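Residue numbers (the working numbering): 16 to 146. Note that beta-carbon positions come from the ideal geometry of N, C-alpha and C, so glycine has one too. Bear in mind that the values here come from a model prediction, so they are computed numbers and not experimental data. Have a look at the structure below before the remarks.
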């Protein structure tokens, strides 16, 4: 269900009426400020040199949960898919170049497929180092 611009409330209009209480509009506004702060942390996230793909994937998933699901327990399928695509993009771009190339060559459809491909390549690289 999409709202038209006239059906949405404008937080700027609510500021002169703010009495110090935490109305629903103010709570939503404050939650979005926190989301923006979390996005700042998330936008530069890369896998550390000693961090495994599994650890990096867990960190991306945790940040995604903080950003996209705060106060949004009933998201529709389109929103969840868009969030998954953003997380997938962030995950892939944070991988080492050799692992990223392998993941992209597999043409993953979602974050889970990207993580699985990255885990496979990480294991292949470890096996190559042993032999």
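- Counting only the Cα atoms, residue 101 lies some 35 Å from residue 145.
- As the crow flies, the alpha-carbon of residue 117 is around 18 Å from that of residue 63.
- Straight through space, the alpha carbons of residue 95 and residue 114 are spaced by roughly 26 Å.
- For residue 101, the uninterrupted alpha helix (DSSP H) segment begins and ends at 92-108.
- Under a 10 Å Cβ-count criterion, residue 126 is classified as buried, with 16 or more other Cβ atoms of the shown protein chains found around its own Cβ.
- The DSSP-derived three-state label of residue 143 is helix.
- Counting C-beta atoms within 10 angstroms of its own C-beta, residue 138 has fewer than 16 neighbours from the protein chains shown and is therefore classed as exposed.
- One Cα belongs to residue 78, the other to residue 142, and the distance between them is close to 31 Å.
- The DSSP-derived three-state label of residue 78 is helix.
- Assignment of residue 66 by DSSP, reduced to helix, strand and coil, places it in the coil class.
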